[in-house]
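Below: one structure, written as structure tokens.
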Amino acid sequence: MSRLQRFLPFVTLALGVATLYLLDLSGVGVLQADEPRYLAIGEAMARGTDWITPKLWGGPWFEKPPLLYWMTAVGAKLGLGPELSGRLPVALLSLLFLWTAYVLLAREFRPQVAGVTVALLATSAGWLAYSEFALTDLPLAVFFSVAVLVALPLLRDVPARADTRTRFVLIGGCLGLAMLAKGLVPLLLAAPFFWFLRRFLKYWWLTFAAGALVAMPWYVAVYFRNGYPFIEEFFLKHHLQRLYSASLQHVQPWYYYFPVLLAGLFPWTPLFALLFVSKIHWDERRRFLASISIFGFLFFSISLNKLPGYLLPLFPPLFILVGAQFEKKSLVQISRWWLLPSACLIALIPLAVSVLPASLSNGRISLSAFHIVRTEWFYILLPIVALILSRRQWTGAILVLCVVLAGLYLKLESFPVMDKLVSPRGLWRDIASKSESLCDAGTNREWLYGLNFYRGKAIPVCGSGQQFEYQLRSQGRARPVVVPR
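In this note's numbering, the protein residues as written are 46 to 530.
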């Protein structure tokens, strides 16, 4: 093929993915309980001078380290909107990681492996969803995954590399940044590093030194400024108690992550069957990637408290394993039938337009509002027709592009509905004029934290000694209502 034929699909997909990630980032207001708190802390840092102690509504908040707060504060300093100040830095970090992963994988394997891995990862439901919101899971996954990518060349059966010292420094630096994103979690996930890189034992001090140089200044500074309450809240409660205590309100059964993982890999979940039916030479690099994924999955499953985003650092190693199938064979050697299940799953994406808002509102999948409009038939049929009619060497790229198009349609159609029915921003527009004469009479915390964010301070609790004209209350996850007192 000519150079244009080689690069045109790559450029088209790259522009499509970037558009999908960046389009309408503030199209829906804050969601869930964590995002409004993280954004509020970042904005408080931007307004003040203390970038050491995270503060929520004026009080210290030691649940997470400061990396996301710093990113949000920079966005706020640049004049971005209330949601965009945290979401845009996360989306840009994700896109930068995808480019970095492509470059590193192309050097380690070949460009075809890099292209398949990055295209599948970028359009997977889990990675895409967490690239859209201001949460700590994506920064953790990015820096931990870069550490994994940097370590891969050290696992080849070659003599000691000239850049070994540099790579161990980079691994430590990335793990340090991951510790600034989400505490000690990356150190636990990195346990397989010690076994697979055991022949480089004399270089590990470089990793420890680099990690400490990056992460320790904040940990030391916040401790000396706040003392034991930081240790108690950050380490004892949000690290140790998360393993065994039901007080953190995220208790899930042991099998919780099996469906979560399958859903997060959507729509490429069927392709992982290739790992079990293909003849694979399980060299040290592949065993390392598999160990990272299995160890992380088991560790998170053992923990009593579980959230879907915890699995995000496992996605890049899993998709690298799929992409590495093409290290020594061409894409055209994969039968079209392998892509048929994924094409059928892609066809389901437009159906989420009517299902997603109601499901988020109820906290479970809801088909009460399910319907199909005429436009959606185009997006439903497109991947199936593309699979049947496209040339085999272009089929994979076209299906990825179908995900991009369906994802854009989903965002443009569902975000306005979600903003009105699911996000506290829609409710805030209705009650803003009453906010100073309003008290909380029992509101779901996901709604309450969002309303506090848009109000700029916490809504007082009814019965706190003040006189209020209205009270706010909710039943379960339903949209709260304002009633006269």
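By construction, the Cβ of each residue, glycine as well, lies at the ideal position given by its N, Cα and C atoms.
Give me the DSSP bridge partner(s) of Q516. Residue numbering aside, residue 516 sits at position 471 when the sequence shown is read from its first letter. Bridge partners of Q516: C484, V528.
The stretch 330 to 345 in contact with the stretch 273 to 286 per 3-pair CB rule at 8 angstroms: no
With G368 and T64 assumed to form a contact (beta carbons below 8 angstroms), what rounded beta-carbon distance in angstroms separates them? Taking the sequence shown and counting its residues from 1, the one referred to as residue 368 is at position 323. Taking the sequence shown and counting its residues from 1, the one referred to as residue 64 is at position 19. Their Cβ separation, rounded to whole angstroms, is 23 angstroms, which puts G368 and T64 out of contact at 8 angstroms.
Reduced DSSP secondary structure (H/G/I, E/B, other) of L390: Reading the sequence shown from its first residue, position 345 is the one you call residue 390. Assigned with DSSP and collapsed to three states, L390 falls in helix.
Of the residues A196, P274, L101, G218, which one's Cα is nearest the Cα of F241? Taking the sequence shown and counting its residues from 1, the one referred to as residue 241 is at position 196. Ranking A196, P274, L101, G218 by Cα distance to F241 puts A196 first.
Just the Cα atoms here: how many angstroms apart are L319 and R500? Indexing the sequence shown from 1 puts residue 319 at position 274. Indexing the sequence shown from 1 puts residue 500 at position 455. In a straight line, the C-alpha of L319 is about 51 angstroms away from that of R500.
Inside the stretch 137 to 181 only - alpha helix (DSSP H) runs reaching at least 4 residues: 156 to 167, 170 to 175
Here's the rule: buried if 16 or more other CB atoms are within 10 angstroms of the residue's CB, otherwise exposed. What is L233? Within the sequence shown, residue 233 is the residue found at index 188, counting from 1. Exposed is the call here.
Just verifying my parser: in three-state terms, what is the DSSP assignment at K456? For the purposes of this step, residue 456 is taken as the residue at position 411 of the sequence shown. It is helical.
Any 3 or more C-beta pairs closer than 8 angstroms across the stretch 106 to 114 and the stretch 80 to 96: yes
Quick one: what's got a C-beta closer than 6 angstroms to A118's C-beta in the same chain, skipping five residues either side? In the sequence shown, residue 118 corresponds to position 73, counting from 1. G87, M90, A91, listed in sequence order.
Write down every uninterrupted run of the alpha helix (DSSP H) in the stretch 74 to 142 whose length is 4 residues or greater and which is fully enclosed by it, in chain order. 79 to 92, 112 to 122
Short check: CB of G61 to CB of K456, under 8 angstroms? Here residue 61 is taken as the residue at index 16 of the sequence shown, counted from 1. Here residue 456 is taken as the residue at index 411 of the sequence shown, counted from 1. Taking 8 angstroms as the Cβ cut-off, G61 and K456 do not qualify as a contacting pair.
Pairwise C-alpha distance: L393 and E421: Looking up residue 421 in the sequence shown gives position 376. Looking up residue 393 in the sequence shown gives position 348. If you take the alpha carbons of E421 and L393, they lie about 10 angstroms apart.
Excluding the five sequence neighbours on either side, which residues of its own chain have a C-beta within less than 6 angstroms of the C-beta of L401, listed in chain order? What you label residue 401 is simply residue 356 of the sequence shown in a count that begins at 1. Non-local beta-carbon contacts of L401 in its own chain, meaning distances under 6 angstroms to residues more than five positions away in sequence, involve S459 in chain order.
Continuous alpha helix (DSSP H) stretch holding N350: start and end: In the sequence shown, counting from the first residue as 1, residue 350 sits at position 305. Element bounds for N350: n/a, residue is neither H nor E.
Is it buried or exposed for E514, if we count other Cβ within 10 angstroms and need 16 for buried? Locating residue 514 in the sequence shown gives position 469, where the first residue counts as 1. With a threshold of 16 other beta carbon atoms within 10 Å, E514 falls short and is exposed.
Pairwise C-alpha distance: S176 and P529: Taking the sequence shown and counting its residues from 1, one reaches residue 529 at position 484. Taking the sequence shown and counting its residues from 1, one reaches residue 176 at position 131. Answer to the nearest angstrom: the Cα atoms are 40 angstroms apart.
According to DSSP, is V322 part of a helix, a strand, or is it coil? Stepping through the sequence shown from its first residue, residue 322 is reached at position 277. It is helical.
Suppose the cutoff is 8 angstroms on Cβ atoms and the five residues either side in sequence are ignored; what does the same chain contact list for S509 look like? Within the sequence shown, residue 509 is the residue found at index 464, counting from 1. So the list reads C484, once near-sequence residues are dropped.
Considering only the beta carbon of each residue, do D182 and L67 sit closer than 8 angstroms? Position 137 of the sequence shown holds residue 182. Position 22 of the sequence shown holds residue 67. No, these two residues do not count as a Cβ contact at 8 angstroms.
Quick one: what's V506 bridged to in DSSP? As a first step, residue 506 must be located in the sequence shown, where it is residue number 461. D485.
What residue range does the alpha helix (DSSP H) around I476 cover? Indexing the sequence shown from 1 puts residue 476 at position 431. Counting along the chain, the alpha helix (DSSP H) containing I476 begins and ends at 469 to 476.
Please classify T252 as buried or exposed, where buried requires at least 16 neighbouring CB atoms within 10 angstroms. The residue labelled residue 252 in the question sits at position 207 within the sequence shown. Its Cβ being crowded by 16 or more others within 10 Å, T252 is buried.
When the Cα of M463 is compared with those of V296, C447, A403, which residue comes out closest? By one-based count along the sequence shown, residue 463 stands at place 418. The candidate whose alpha carbon is nearest that of M463 is A403.
C-beta contact flag for P105 and G120 at 8 angstroms: As a first step, residue 105 must be located in the sequence shown, where it is residue number 60. As a first step, residue 120 must be located in the sequence shown, where it is residue number 75. Contact: no.
For V75 and A59, I'd like the C-alpha separation in whole angstroms. As a working note, residue 75 is residue 30 in the sequence shown. As a working note, residue 59 is residue 14 in the sequence shown. C-alpha separation (whole angstroms): 27 angstroms.
Can you list, in chain order, the residues of its chain with a C-beta nearer than 8 angstroms to that of F345? Leave out the 5 residues immediately preceding and following it. Here the question's residue 345 lines up with position 300 in the sequence shown. The answer, listed in chain order, is Y302, K351, Y355, L356.
Need the endpoints of the alpha helix (DSSP H) that L220 sits in, please. Indexing the sequence shown from 1 puts residue 220 at position 175. Note, L220: alpha helix (DSSP H), 209 to 227.
Can you look up V296 in the DSSP assignment and give me helix, strand or coil? Taking the first residue of the sequence shown as 1, we reach residue 296 at position 251. Of the three classes helix, strand and coil, the one that applies to V296 here is strand, per DSSP.
Would you give the residue range spanned by the alpha helix (DSSP H) that R244 belongs to? Counting from one through the sequence shown, the residue named residue 244 turns up at place 199. Taken as a continuous stretch (DSSP letters only), R244 belongs to no alpha helix (DSSP H), as it is neither H nor E.
Identify whether W250 lies in helix, strand or coil by the three-state DSSP scheme. On the sequence shown, position 205 is the one that residue 250 refers to. Note: W250 maps to helix in three-state DSSP.
In whole angstroms, give me the CA-to-CA distance for Q511 and S292. Working through the sequence shown from its first residue, we reach residue 511 at position 466. Working through the sequence shown from its first residue, we reach residue 292 at position 247. Roughly 30 angstroms separates the two Cα atoms.
Assess contact between the stretch 123 to 137 and the stretch 148 to 161, defined as three or more Cβ pairs (one per stretch) separated by less than 8 angstroms. Is contact present? no
Between the alpha carbons of E128 and L396, how many angstroms are there, rounded? Within the sequence shown, the letter at position 83 stands for residue 128. Within the sequence shown, the letter at position 351 stands for residue 396. For E128 and L396, the distance between alpha carbons rounds to 27 angstroms.
What does the alpha-carbon distance come out to for the pair L444 and V191? What you label residue 444 is simply residue 399 of the sequence shown in a count that begins at 1. What you label residue 191 is simply residue 146 of the sequence shown in a count that begins at 1. About 27 angstroms.
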